[in-house]
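Residues in the sequence shown are numbered consecutively from 665, following the working numbering. Think of the CB as a built atom: it goes at the ideal place given N, C-alpha and C, for glycine as much as any other residue. Keep in mind the model is a prediction, meaning the values are calculated, not measured.
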Amino acid sequence: MRWLSFLWISGLAFGLTISTAVAAAGCNSYSPIKVHAEGITAESTITRLRAVSYTAPMIQGTDKNDLQLVRHDFTAIKKAGFNAVRGYEPLTPEVLQVAEDEGLLVVQALVHLSDDTNYDSDDELRDVIARVRQIVIRDRCRRNIALWSLWNDAPFNWGASGGNVVERFGARTVRRFLRRLRDEVKKLDPLRPLTAANVLNAMHSDIGMDLLDIIGVNVYI
């Protein structure tokens, strides 16, 4: 199991409801999840989202997930009292199925943005959107996906390409990139809430927060 050195704190937005609007995409078995001030309602039960950040292990020397180890991890996560996992990269359909089998909700990451991303490039934005579209269209009918996660660790304060992207590209440019990404996801799945995680103790730590339904905060202590 991969435990992280930070807390992920979500401020739940009010009055957000996931409904069967995605039925138009053929999601006949989709089970509505409601997000509100008291927590979330899944399968008619009100609960808090208690998620472990997770990277699925790979079988050594291959590009395939070690599903036996994933199942072991998810069983341990559930036994420890958590009810969800949150990915950094999009979890594969096989891993999502194991999560559903184990009764875990998923905060599904859609793309890995970093300080390597060129936030001033329309070509890069189109490439990111194309990858995000594939994941949303593939997974939007899954009943155990509670939230889409658009990014992690904004404003990307570290890395080999220069660190803090707001300092490098400007808040307006970065927000425009994030907004267009947000808008595309909302078009494909208009009612499932969107989240992302920003680093609390960084300059420009609020970048993109106004675009989200639920704010995630990474606190490194």
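Item, Value
"Okay, do the segment 829 to 837 and the segment 878 to 885 touch, 3+ Cβ pairs below 8 angstroms being the bar?", "no"
"Which residue marks the beginning of the beta strand (DSSP E) containing R802, and which one marks its end?", "Unbroken run through R802 is the alpha helix (DSSP H), D786 to D803; no beta strand (DSSP E)."
"Could you spell out the range, first to last residue, of the alpha helix (DSSP H) harbouring W741?", "First, the amino acid is wrong: residue 741 is Ile here, not Trp. That run of the alpha helix (DSSP H) goes L731 to K743."
"Following the continuous alpha helix (DSSP H) through R844, name the residue where it begins and the one where it ends.", "A835 to L852"
"Can you tell me where the alpha helix (DSSP H) with A824 in it begins and where it stops?", "No alpha helix (DSSP H) holds A824; DSSP gives it neither H nor E."
"In this structure, how does DSSP classify Q761 when only helix, strand and coil are distinguished?", "helix"
"Cα separation between V863 and E788?", "23 angstroms"
"Are three or more beta carbon pairs between the segment 714 to 723 and the segment 733 to 742 nearer than 8 angstroms?", "yes"
"Buried or exposed: which applies to G872, given that a residue is buried once 16 or more other Cβ atoms fall within 10 Å of its Cβ?", "buried"
"Report the rounded CA-to-CA distance for V838 versus G767, giving the unit in angstroms.", "37 angstroms"
"With contact counted as at least three CB pairs below 8 angstroms, one residue from each stretch, are the segment 778 to 788 and the segment 741 to 750 in contact?", "no"
"For V800, which option in E764, P754, N729 and G725 has the closest C-alpha, if you only look at C-alpha atoms?", "P754"
"Could you give the DSSP three-state label for L875: helix, strand or coil?", "helix"
"Examine chain D for any beta-carbon lying closer than 8 angstroms to the beta-carbon of R750, and answer yes or no.", "The chain labelled as chain D is not found in the depicted structure, where only one protein chain is given."
"At the level of alpha carbons, what is the spacing between T705 and T859?", "17 angstroms"
"Using three-state DSSP, classify M867 as helix, strand or coil.", "coil"
"Report back the beta-carbon spacing between R804 and D853 to the nearest angstrom; my notes put them in contact at under 8 angstroms.", "5 angstroms"
"Taking the C-alpha atoms as reference points, what is the distance between A687 and Y884?", "A caution first: A687 carries a pLDDT of 48, below 50, which makes its placement in the model unreliable, though a value can still be read off. In a straight line, the C-alpha of A687 is about 40 angstroms away from that of Y884."
"Quick check on R806: does DSSP put it in helix, strand or coil?", "coil"
"Tell me, to the nearest whole angstrom, how far the beta carbon of L713 is from that of A810; I am working on the premise that it is less than 8 angstroms.", "6 angstroms"
"Taking C-beta to C-beta, are L777 and W822 nearer than 8 angstroms?", "no"
"Whole angstroms is fine: what's the gap from R790's alpha carbon to R806's?", "25 angstroms"
"Per DSSP, what kind of secondary structure is R750 in: helix, strand or coil?", "strand"
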